[in-house]
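Comments concern the structure below.
2 protein chains.
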Amino acid sequence: MATRPTMKDVAAEAGVGVMTVSRVVNGDPGVAPATAARVEEAVRKLGYHRDDVARQLRRTNQLSQTIGLMVDHVADPFMAAIASAAEDVARQHGSVVLIGSSRDDLRREREVVAAFTARRVDGMVLTPVVGSHRFLRSTIEQGTKVVCVDRAAPGLDVDTVVVDNFDAVRDAVQRLIANGHRRIGYLGDRQEIWTVGERHRGYLAALEAAGIDADPALVRHGLRSGPEAATAVTELLAAPEPPTALLAGNVVVAIGALAVLPPDIAFIGFDDFALAARMTPPVTVIAQDPVAIGTTAAHLLFARIHGDTSPPRTVVMPTTLIPRGSGEIPGPYAQGS
Amino acid sequence: MATRPTMKDVAAEAGVGVMTVSRVVNGDPGVAPATAARVEEAVRKLGYHRDDVARQLRRTNQLSQTIGLMVDHVADPFMAAIASAAEDVARQHGSVVLIGSSRDDLRREREVVAAFTARRVDGMVLTPVVGSHRFLRSTIEQGTKVVCVDRAAPGLDVDTVVVDNFDAVRDAVQRLIANGHRRIGYLGDRQEIWTVGERHRGYLAALEAAGIDADPALVRHGLRSGPEAATAVTELLAAPEPPTALLAGNVVVAIGALAVLPPDIAFIGFDDFALAARMTPPVTVIAQDPVAIGTTAAHLLFARIHGDTSPPRTVVMPTTLIPRGSGEIPGPYAQGS
DNA sequence: TGCCCTCTTGGTAACGTTACCGAACGCGCC
DNA sequence: GGCGCGTTCGGTAACGTTACCAAGAGGGCA
Chain U
1 MATRPTMKDV AAEAGVGVMT VSRVVNGDPG VAPATAARVE EAVRKLGYHR DDVARQLRRT
61 NQLSQTIGLM VDHVADPFMA AIASAAEDVA RQHGSVVLIG SSRDDLRRER EVVAAFTARR
121 VDGMVLTPVV GSHRFLRSTI EQGTKVVCVD RAAPGLDVDT VVVDNFDAVR DAVQRLIANG
181 HRRIGYLGDR QEIWTVGERH RGYLAALEAA GIDADPALVR HGLRSGPEAA TAVTELLAAP
241 EPPTALLAGN VVVAIGALAV LPPDIAFIGF DDFALAARMT PPVTVIAQDP VAIGTTAAHL
301 LFARIHGDTS PPRTVVMPTT LIPRGSGEIP GPYAQGS
Chain X
1 MATRPTMKDV AAEAGVGVMT VSRVVNGDPG VAPATAARVE EAVRKLGYHR DDVARQLRRT
61 NQLSQTIGLM VDHVADPFMA AIASAAEDVA RQHGSVVLIG SSRDDLRRER EVVAAFTARR
121 VDGMVLTPVV GSHRFLRSTI EQGTKVVCVD RAAPGLDVDT VVVDNFDAVR DAVQRLIANG
181 HRRIGYLGDR QEIWTVGERH RGYLAALEAA GIDADPALVR HGLRSGPEAA TAVTELLAAP
241 EPPTALLAGN VVVAIGALAV LPPDIAFIGF DDFALAARMT PPVTVIAQDP VAIGTTAAHL
301 LFARIHGDTS PPRTVVMPTT LIPRGSGEIP GPYAQGS
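Next comes the structure, spelled out in structure tokens:
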């Protein structure tokens, strides 16, 4: 196994100095075309690739052209779409993306962030988990840019891209109420997650505005997977006074719930998903645009990396309620029924 | 904005030499507890993080604890599952993952691979695109390990993890034929992609074995998105002699096709997807296990990184045909109908 | 007391690159 | 011819870390 060639090897091969090789490799001006050709020939012959590790070390206050992206779980389609969008933007800026999953574990998030900063990322996009993010303080102070996406990090004064979770869920629940439902179930992930908390608040606000007492028996928090959500639905519906409508707080929960949901129960899910329109009945959803969210977050990050020092801002992206049928199933109090 | 502290700063703060700081930071033995405590205090006070860029430079023949993962498109749920599995394995080995998408573009693949090697990754997992991969030769010779996943790279002698694409599709098409279909449509991505070619060959083999002439009018290649697949289905079904059954070569095509597919056309898709069982009719699929595939590929890669020098091998993971209904719709030649 | 051995500690030289400076060369002009 | 200038090139010193070696302190033993 050949050892990796260095500029010195290339220089020797081409009969020039290392500085000339450096200039050619980086496309710097001031090299005679004939010399450059000789160097490029040597580069090809030896299979030389510039070593960015050494390069970054020397160019201390330059950029590493690397950003980090930490999401809850890469396999989650919503997060995957954000990741893909972020990667596209990074590419436009000549950067690559380090990826990591927190799996909703603060210790793991810490480790991922540490691994990122140790690799001198220019900045990172995070979907923060529950807990204190004070450990990010020193990282930020040392110049690493941070943008939060999907979830806000309370106590951390950074750019944030979120959607109008509270309004969206409140409006959706109001819609269910208007369609004649009073016993509306709520299925959500861990309530401590910012997004989840906002959505739950929206649910409660809609009930309160309609003068409906919130029944804790209709609420299930902490659902982390499809099967957990399915079990929760089965249990809710087996209760003495089952709900006539359900709201699912995210797409994982929604898909899990739909696997066992009878077609006569009204249903609205947060996040759109493929084939929602082909279900029986077609599924009404609160749609957000993960590509737009990821793109916006990445643009904010690169603006910071490139010197934007304006005060941190929070961008609220819109959601759209897409009525397809499942959310329009009338409830027992529907007018005219 | 404070500049990033170095070991020298910590050493000055703690009143020790840099070597002592290095030892403490790396948990090396041979430092008196009292001294170590003083250093750790200084580390905390200054918010010091080890600079792995400099570390890697010095430890030239050591590992960078970074691997690359290049897939066609991160947002593709199949690829996202592989990415997630690979990240989990990487984490077990204390490594982080650089991610990149080729988007089926050889030039882009080259750039991503170059960006990976420039960052001295220990190895990479690739889903190679169409084209020659000779440019990987020098990278491999210089010690970067490569594992191909999902698709083989013809002409590249590396570990590869694939599924039995040919057999799986041939068996699925045989099943459609046994159910009375003779005009069976095929919807696929670019035929030049290894996986796609294998699946198409399986389709042709099943037809030939049954003595059915392959009708090119029933075959659509090069479908890169859901909408393209939907259009293709609409066109195929509008033809004078439309197919009575369809086989979709991957999940993106399948989901696109299902958006417009009438319920009386038999259908089998490659790759399982959420809620396939809840469609009307429930969708028969050839399922592969992306988590197992990604995990296997990552394990192979780390085995190589840790010194495995046995000859490259190809691991063929199993697929499972899951009959749910859509693939069992009888055709015009069904017995007893 | 002198010697050796262990424990702890620090100095120095790399790793591969680039920033900074200076040198060599050719050319035009006084 | 001498001088200045632009072009092309190379030497040297960093970047922050670790490998290697060496040195001082302290203790045990002859």
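Taken in order, these protein sequences are the chains called U and X. According to full-length UniProt numbering, the first sequence is numbered sequentially starting from 1. According to full-length UniProt numbering, the second sequence is numbered sequentially starting from 1. Positions of the beta carbon are idealized from the N, C-alpha and C atoms, including for glycine.
Asked	Found
For U/ALA276, the first and last residue of its enclosing alpha helix (DSSP H)	First-last for U/ALA276: undefined, no H or E at that position.
Residue interval of the alpha helix (DSSP H) (run including X/ARG117)	Checking the sequence shown, residue 117 of chain X turns out to be Thr, not Arg. It spans 106–118 - the alpha helix (DSSP H) in which X/THR117 sits, taken as one unbroken run.
Residue range of the unbroken alpha helix (DSSP H) whose run includes U/ASP167	165–178
Through-space distance from U/THR144 to U/LEU63, alpha-carbon basis	10 Å
Sub-9 Å separation of U/GLU228 and U/GLY256 beta-carbons	yes
Distance cut-off 8 Å: U/GLN174 Cβ against heavy atoms of the ligand ZN	Within the structure as shown, the ligand ZN is missing, as the structure has no ligands at all.
Beta-carbon spacing of X/ARG183, X/GLY327 below 9 Å	no
Chain U contact for X/SER138 (CB, 9 Å cutoff)	yes
Segments of 3+ residues assigned as beta strand (DSSP E) that fall wholly inside the segment 177–211 of chain U	184–187
Three-state secondary structure (DSSP) of U/PHE135	coil
Secondary structure, alpha helix (DSSP H): runs of 4+ residues fully inside the UniProt domain "HTH lacI-type" (5–59) of chain X	7–14, 18–25, 33–46, 52–58
Where X/GLY325 sits in the DSSP three-state scheme	coil
Reduced DSSP secondary structure (H/G/I, E/B, other) of X/PRO330	coil
Which of helix, strand or coil DSSP assigns to X/GLU152	In the sequence as presented, Glu is not what sits at residue 152 of chain X; that position holds Ala. Residue state, collapsed to three classes: coil.
Local Cβ density within 10 Å of X/HIS306, reported as buried at 16 or more and exposed below that	exposed
Straight-line Cα distance separating X/ASP51 from X/VAL16	19 Å
C-beta contact flag for residue 340 of chain U and U/GLY269 at 9 Å	It is not possible to answer for residue 340 of chain U, since the shown part of chain U is limited to 1 through 337.
Cβ-based neighbour list, U/GLU101, same chain, cut-off 8 Å, excluding 5 preceding and 5 following	Going by the sequence as given, residue 101 of chain U is Ser instead of Glu. MET70, VAL71, ASP72, HIS73, VAL74, ARG108, VAL112, listed in sequence order.
Among U/SER22, U/THR244, U/VAL125, the one whose alpha carbon lies nearest that of U/HIS181	U/THR244
Any chain X beta carbon closer than 9 Å to U/GLY143	yes
Residues sharing a beta bridge with X/ARG103, DSSP	The partner list for X/ARG103 (beta bridge, DSSP) is empty, contrary to what the question assumes.
C-beta neighbour in chain U for X/GLY325, strict 9 Å	no
Residues in the segment 260–288 of chain X having any Cβ partner in chain U nearer than 8 Å	PHE273, ALA274, LEU275, ALA277, ARG278, MET279, THR280
Same chain, Cβ closer than 7 Å to U/VAL97, neighbours up to 5 away in sequence not counted	ILE67, LEU69, ALA86, GLU87, ALA90
Residues near U/LEU126 in its chain [Cβ-Cβ closer than 6 Å; skip 5 each side]	MET70, CYS148
The segment 205–215 of chain X touching the segment 285–292 of chain X, judged by at least three CB pairs closer than 8 Å	no
Best match in U/ALA217, U/ALA14, U/PRO262 for proximity to U/VAL43 [C-alpha to C-alpha]	U/ALA14
Backbone secondary structure at U/ALA83 - three-state DSSP	helix
Simplified DSSP assignment, three categories, for U/VAL316	strand
Chain X within 9 Å of U/SER102, Cβ atoms only	no
Cut-off 6 Å between Cβ atoms - residues of its own chain near U/TRP194, not counting five sequence neighbours on either side	ARG151, ALA152
Interfacial residues, the segment 232–250 of chain U to chain X, with Cβ spacing under 7 Å	none
DSSP state of X/ARG91 mapped onto helix, strand, coil	helix
C-beta atoms of U/ASP159 and U/ARG304 nearer than 9 Å	yes
Under 8 Å from the C-beta of U/ARG4: neighbouring residues of chain X	GLN142, GLY143
Own chain, CB closer than 8 Å to X/GLN191, minus 5 neighbours either side, in chain order	GLY197, HIS200, HIS221, GLY222
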